[in-house]
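Protein chains in written order, with this note's numbering: chain V, 418 to 588; chain H, 2 to 213. For reference, the structure discussed in these notes is given below.
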């Protein structure tokens, strides 16, 4: 038992910040991200025998946190909180023609607007560099399904980043 | 741009964004996580059960977001404040400002009406503030900022908790308030900055200062 605790502690200490930052990029709210990641690590510890055997345990944690976010979001879809001020643009007046928004900002906003499964696929491919098969295994779907989600997600990201200047932000 | 190029661009951009969050740290110690797991098991009475009560965790966070004063007494000491802070309880239809006995200032903004009044009320509570509606103004010291202000999740307006004691002397809090619309989604949003008092706003683009 002590060995397992030590093992989990080392895993948590090594990856907690990285997992938190990935989830923060996805959800945009620091406190919420911390709650979700804490919850995901809690679940990881509760299933440590299984998670420690996982090919990429930290990807398991991030995916669990993102899944947990969905039920939260369903309850609180009216609210969107932002701790990372560089991630969005607020405009107090008329529609902002934000052609000067850079790609980073546009992509982060577009990522957050993706459906969960597409966001999971993008997150696993982008942040963990998992290939299609590994992503499929982690999500419990077929590689074809992963490719399909990835294709749709990329199409959306492309469209969103191209048309981001048409989004309205009002006070 | 084909799918591979787009994925590469997304990888470069998003990992860059993530890597820039060097000020973001998970504060909880491993022991706390393991204790939380024990709590889950005790509540459920099912050792080793994987499903956990996220709702409980989130609910706990939300319970802090009442927007009502946690207490009515006490005095505030704000190193960055203008003048001696005092107990403030102002509750209007548009916004509320309530100081707690611990010195924390609870703010709920339902509508940014009378921003000058809100600014003055916050100053009275020990929080020198600049309200902006416009593009977001950032702070060079995000770590310190996270100690000063926290936006709480919740419905019915922006709920913000400010700790004036954590504000460095001579600084003021910049609060950008707005409604974010991405596609069909509309939601309250806020962004914060911590700036030297009187300094020009360091904003991305065109911030509209509504009070000072």
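Built from N, CA and C at the ideal position, the CB exists for glycine as well.
Q | Members of the segment 460 to 477 of chain V near chain H, C-beta cut-off 7 angstroms | A | 460, 462, 463, 464
(Q) Please classify residue 550 of chain V as buried or exposed, where buried requires at least 16 other C-beta atoms within 10 Å of its C-beta. (A) exposed
Q: Out of H:150, H:114, H:115, H:132, state which residue places its alpha-carbon closest to the alpha-carbon of residue 104 of chain H.
A: H:150
Q) When the distance is taken between beta carbons, is residue 177 of chain H closer than 7 angstroms to residue 1 of chain H? A) It is not possible to answer for residue 1 of chain H, since the shown part of chain H is limited to 2 through 213.
(Q) Please list the terminal residues of the continuous beta strand (DSSP E) segment that includes residue 133 of chain H. (A) 130 to 133
Q. By how many angstroms is the C-alpha of residue 168 of chain H removed from the C-alpha of residue 426 of chain V?
A. 34 angstroms
Q. Closer than 6 angstroms: is that where the CB of residue 110 of chain H sits relative to any heavy atom of the ligand ATP?
A. Inclusion of the ligand ATP in the displayed structure is not the case, the ligand content being empty and no account of it being possible.
Q. Would you say residue 114 of chain H faces chain V, with C-beta separation under 7 angstroms as the test?
A. no
(Q) Let me check understanding here. Comparing Cα to Cα, which of H:24, H:6, H:198 lies closest to residue 170 of chain H? (A) Looking at H:24, H:6, H:198, the one whose alpha-carbon comes closest to that of residue 170 of chain H is H:198.
Q) Taking the alpha-carbon positions, what's the residue 196 of chain H to residue 131 of chain H distance? A) 9 angstroms
Q.
Suppose you measure from the CA of residue 193 of chain H to the CA of residue 175 of chain H; what does that come to, to the nearest Å?
A. 5 angstroms
Q | the segment 12 to 21 of chain H / the segment 434 to 447 of chain V touching (three or more Cβ pairs under 8 angstroms) | A | yes
Q.
Any beta carbon from chain H within less than 7 angstroms of residue 538 of chain V's own beta carbon?
A. no
(Q) DSSP has residue 192 of chain H in a bridge; who is on the other side? (A) H:177
Q: May I ask you to report which of helix, strand or coil DSSP gives residue 486 of chain V?
A: helix
Q. What is the DSSP secondary structure of residue 471 of chain V, counted as helix, strand or coil?
A. coil
(Q) Taking 7 angstroms as the threshold (beta carbon to beta carbon), is residue 438 of chain V in contact with chain H? (A) yes
Q. In chain V, which residues lie less than 7 angstroms from residue 18 of chain H when you measure between Cβ atoms?
A. 442, 521, 525
Q. Since residue 444 of chain V is in the alpha helix (DSSP H), which residue starts that stretch and which ends it?
A. 419 to 444
Q) Is it right to say residue 51 of chain H is buried, meaning 16 or more other beta carbons lie within 10 angstroms of its own, or is it exposed? A) Residue placement at residue 51 of chain H is poorly supported in this model, since its pLDDT is 34, which falls under 50; the coordinates still yield a value, given next. The residue in question, residue 51 of chain H, is exposed, as its Cβ has fewer than 16 Cβ neighbours within 10 Å.
Q) For residue 100 of chain H versus residue 126 of chain H, is the C-beta distance shorter than 7 angstroms? A) Yes; because the gap between Cβ atoms is below 7 angstroms, this pair is in contact.
Q. Among V:434, V:419, V:485, which one has its Cα closest to the Cα of residue 465 of chain V?
A. In terms of CA proximity to residue 465 of chain V, V:419 leads the group V:434, V:419, V:485.
Q. Taking DSSP as the reference, what is the three-state secondary structure of residue 87 of chain H?
A. coil
Q. What is the residue span of the alpha helix (DSSP H) that residue 162 of chain H lies within?
A. No alpha helix (DSSP H) contains residue 162 of chain H, which is instead part of the beta strand (DSSP E) from 159 to 163.
Q: Using a Cβ cut-off of 7 angstroms (strictly closer), state whether residue 541 of chain V contacts chain H.
A: no
Q) Taking the alpha carbon of residue 34 of chain H as the point to measure from, which residue in V:529, V:448, V:455, V:577 has its own alpha carbon closest? A) V:455
**Q.** chain H contact residues for residue 574 of chain V, given Cβ-Cβ distances below 7 angstroms
**A.** 7, 11
Q | Contact with chain V by residue 161 of chain H, beta-carbon distance below 7 angstroms | A | no
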